[in-house]
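Residue numbers (my numbering), protein chains in the order written: chain L, 1 to 282; chain Z, 1001 to 1294.
Cβ atoms here follow ideal geometry from the backbone N, Cα and C, with glycine treated the same way.
Here's the structure, in structure tokens; my notes come after.
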Amino acid sequence: MVENRPLLSFLTHLVLIVGVVIVVFPVYLAFVASTHGNGDFLSGLVPLLPGPNLIENYRLMLTEGISTAGAPPLWIMLGNSLVIAIIIAVGKIAISLLSAYAIVFFKFPFRLLAFWIIFITLMLPVEVRIIPTFKVVADLGLLNSYVGLTLPLIASATATFLFRQFFLTIPDELMEAARVDGAGPLKFFRDILLPLSRTNIAALFVILFIYGWVQYLWPLLVTTDSRYYTVVMGIKRLAATADGEPQWHLVMAAVMLAMLPPVLVVIFMQRLFVKGLVETEK
Amino acid sequence: MQTKRTIFPNKLLPYLLLAPQLAVTLIFFIWPAVQAVKSSFEREDPFGFKTTFIWFDNYKRLFADPTYLNSVGKTAVFAVSVTLLAMSVSLLLAVSVNRVLRTNRVYTTLLVWPYAVAPVVVGILWWFMFNPSIGIAPYLLRGLGINWNHRIDGSHAMLLVIIAASWKQISYNFLFFVAGLQSVPQSLTEAAAIDGAGPFKRFWTIVFPLLSPTTFFLLIVNINYAMFDTFGIIDATTSGGPAQATNILVYKVYADGFLGLNIGSSAAQSVVLMLIVIALTAIQFRYIERRVQY
Chain L
1 MVENRPLLSF
11 LTHLVLIVGV
21 VIVVFPVYLA
31 FVASTHGNGD
41 FLSGLVPLLP
51 GPNLIENYRL
61 MLTEGISTAG
71 APPLWIMLGN
81 SLVIAIIIAV
91 GKIAISLLSA
101 YAIVFFKFPF
111 RLLAFWIIFI
121 TLMLPVEVRI
131 IPTFKVVADL
141 GLLNSYVGLT
151 LPLIASATAT
161 FLFRQFFLTI
171 PDELMEAARV
181 DGAGPLKFFR
191 DILLPLSRTN
201 IAALFVILFI
211 YGWVQYLWPL
221 LVTTDSRYYT
231 VVMGIKRLAA
241 TADGEPQWHL
251 VMAAVMLAML
261 PPVLVVIFMQ
271 RLFVKGLVET
281 EK
Chain Z
1001 MQTKRTIFPN
1011 KLLPYLLLAP
1021 QLAVTLIFFI
1031 WPAVQAVKSS
1041 FEREDPFGFK
1051 TTFIWFDNYK
1061 RLFADPTYLN
1071 SVGKTAVFAV
1081 SVTLLAMSVS
1091 LLLAVSVNRV
1101 LRTNRVYTTL
1111 LVWPYAVAPV
1121 VVGILWWFMF
1131 NPSIGIAPYL
1141 LRGLGINWNH
1151 RIDGSHAMLL
1161 VIIAASWKQI
1171 SYNFLFFVAG
1181 LQSVPQSLTE
1191 AAAIDGAGPF
1201 KRFWTIVFPL
1211 LSPTTFFLLI
1221 VNINYAMFDT
1231 FGIIDATTSG
1241 GPAQATNILV
1251 YKVYADGFLG
1261 LNIGSSAAQS
1271 VVLMLIVIAL
1281 TAIQFRYIER
1291 RVQY
């Protein structure tokens, strides 16, 4: 700080506290709602303090779900989300590491073409090409499977670019030394490049895990079998009951459980998260 | 394109390394995109037996369709509002955090986690708060004499999705603004302070101009976000209603294609959206090559 201005410091904290309240309040309200019983919402106003039904509501959602809304127990959906998020993150990192390695450390015909084909994926988000992509996946018989849920989301230009940028910063001498010592391309990749990329891989994993977890439209389209529901799309099904108001206390218990894993990842791996976020966009 | 000074001599290996990514890209990105372009020039008969090539009829029809033009207008309002709201709030918060010395880690942690909340979940949270029968916001607004009902009132619905979408994007913009602010040299602000410039004058004449690369980058990213990543928010809060009031382009593609089964029109809409993404990406990359600099 350049100079001491008590009034401005006070204002600064005020702005920040108001900001934090705005950010936290909707989630606090959801938490409060998830701790009440069914009757507490009929009075016409949402309660503002936690109620007594916390354990009951969460236990019910985790183990039984709401069968009338066609939602399986939440632990199945949470498990699916976890599996899918991990497959997407690991898959994206694996194929991007390999293709970035090929593009940076080899010279071969059509290298530029390959680079551009990868680059184009940036321009085609799922939302834009849903119907033809759905048709491809349906024709391949991949509906209602983990492969169909993850594979179409796995190509990633951003991860490839990140690794390409990083590989370009690795000194040439390192590779020359490795070659003098008789290391082949695969050995160099495994024993030198991978260990050096560790932090980048971890940072990218955090971002891609979140990316996989929050997917909504794609799982919605390719799953009709409730065994493959992810938690994010399952919640929408819970909230969209045809007749009347949803069972808010149970919906909100599900919302809290669906939010928790990725939010905890962000909070506890904040340093990696920030690194991953800022670097993938550059 | 850049490579290393020394490279491995293998001929076959690079293709093998590239194969997985290229296979996924060709099957799930390029091929569907080609299909979308192809079916945007075709009309399918009601039973799906035969398709006829009809040149630009789908596009002509699309741009003569008042609901599509309405959707374009709504998308513009939505994208501009979300961008302005999310960016100004997060800039204010970032500048504040940058002034605070001891507690900035705590504030940062409390402000960044909404990034990890799924758009649908964001939609449900705000839908719950603004629920006309039990929500807390309509209750408070009633005290001010406003009868909130986004199920009937189109402008209420638009306001709701703008607020919800901005809420989610604040954390992202905040992190980039904080990173941008930290790279503004301290010596410049100190020099200005010695010359007698107050904090507000310093911000507008020194910090804000130096922040312009970040601001421009975020501008593009936010427009992109509002146009394409808000599908879940719309779906969970208003489903494009009431009376098309929040039916933004990306939601309309889905609604026309999957619910309305109008493949030709939906394909034409997809192609228009692809062109928009291509334009936005091109702008972004041009900017990376020559940043706004002083």
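Would you say residue i lies against chain Z (beta-carbon separation less than 9 Å)?
i	result
residue 89 of chain L	no
residue 103 of chain L	yes
residue 222 of chain L	no
residue 114 of chain L	yes
residue 16 of chain L	yes
residue 258 of chain L	yes
residue 166 of chain L	no
residue 13 of chain L	yes
residue 188 of chain L	yes
residue 251 of chain L	yes
residue 163 of chain L	no
residue 85 of chain L	no
residue 30 of chain L	yes
residue 26 of chain L	yes
residue 147 of chain L	no
Quick one: residues in its chain with C-beta nearer than 7 Å to the C-beta of residue i, no 5 flanking neighbours on either side, listed in chain order?
i	result
residue 87 of chain L	146 and 150
residue 47 of chain L	32, 36 and 40
residue 206 of chain L	265, 269, 272, 273 and 276
residue 201 of chain L	93
residue 216 of chain L	232 and 233
residue 1226 of chain Z	1078, 1079, 1082, 1083 and 1165
At the 9 Å Cβ level, is residue i part of the contact set with chain L, yes or no?
i	result
residue 1082 of chain Z	no
residue 1254 of chain Z	yes
residue 1195 of chain Z	no
residue 1294 of chain Z	Annotation note: pLDDT 48 at residue 1294 of chain Z (below 50); position unreliable, coordinate value reported separately. It does not; no Cβ of chain L falls within 9 Å.
residue 1185 of chain Z	no
residue 1092 of chain Z	yes
residue 1072 of chain Z	no
residue 1240 of chain Z	no
Give the C-beta separation of residue i and residue j to the nearest angstrom, bearing in mind that I take them to be a contact with Cβ-Cβ under 8 Å.
i	j	result
residue 105 of chain L	residue 1008 of chain Z	6 Å
residue 203 of chain L	residue 122 of chain L	The Cβ separation is near 19 Å, so there is no contact.
residue 1138 of chain Z	residue 1229 of chain Z	Not really, about 27 Å apart at Cβ, beyond 8 Å.
residue 159 of chain L	residue 226 of chain L	Contact flag wrong, Cβ pair sits at about 32 Å.
residue 1157 of chain Z	residue 1238 of chain Z	5 Å
residue 1169 of chain Z	residue 1222 of chain Z	6 Å
residue 1210 of chain Z	residue 1071 of chain Z	Residue 1210 of chain Z to residue 1071 of chain Z, Cβ: 38 Å. No contact.
residue 222 of chain L	residue 143 of chain L	5 Å
residue 84 of chain L	residue 280 of chain L	In fact, because the Cβ distance is near 20 Å, the residues do not count as touching under 8 Å.
Which residues in the same chain have their Cβ closer than 8 Å to the Cβ of residue i, if we skip the five residues on either side of it in sequence?
i	result
residue 75 of chain L	62 and 63
residue 1098 of chain Z	1104, 1178, 1181 and 1182
residue 1189 of chain Z	1202, 1206 and 1207
Can you tell me which of the options puts its alpha carbon nearest to the alpha carbon of residue i?
i	options	result
residue 259 of chain L	L:24, L:12, L:65 and L:8	L:24
residue 1135 of chain Z	L:32, L:9, L:262 and L:18	L:32
residue 1153 of chain Z	Z:1242, Z:1089, Z:1062 and Z:1277	Z:1242
residue 196 of chain L	L:224, L:179 and L:166	L:166
residue 1245 of chain Z	Z:1067, Z:1127, Z:1212 and Z:1089	Z:1067
residue 1247 of chain Z	Z:1054, Z:1093, Z:1073 and Z:1027	Z:1073
residue 138 of chain L	L:218, L:198 and L:99	L:218
residue 1233 of chain Z	Z:1069, Z:1125 and Z:1219	Z:1125
residue 1029 of chain Z	Z:1274, Z:1192 and Z:1284	Z:1274
residue 98 of chain L	Z:1199, Z:1014, Z:1260 and Z:1251	Z:1014
Identify, in the order they occur along the chain, each residue of the same chain with its Cβ nearer than 6 Å to the Cβ of residue i, setting aside the five sequence neighbours on each side.
i	result
residue 1159 of chain Z	none
residue 1267 of chain Z	1036, 1039 and 1040
residue 292 of chain L	Because chain L here runs from 1 to 282, residue 292 of chain L falls outside it and cannot be looked at.
Which term fits residue i, buried or exposed, when burial requires 16 or more other beta carbons within 10 angstroms of its beta carbon?
i	result
residue 127 of chain L	buried
residue 1186 of chain Z	exposed
residue 234 of chain L	buried
residue 38 of chain L	exposed
residue 1058 of chain Z	buried
residue 1055 of chain Z	exposed
residue 1113 of chain Z	buried
residue 92 of chain L	buried
residue 182 of chain L	exposed
residue 1088 of chain Z	exposed
residue 210 of chain L	buried
residue 255 of chain L	buried
residue 1286 of chain Z	exposed
residue 1279 of chain Z	exposed
residue 52 of chain L	exposed
With a threshold of 8 Å, establish whether the CB of residue i neighbours any heavy atom of the ligand NAP.
i	result
residue 1211 of chain Z	Ligands in the displayed structure: none, and consequently the ligand NAP is not present.
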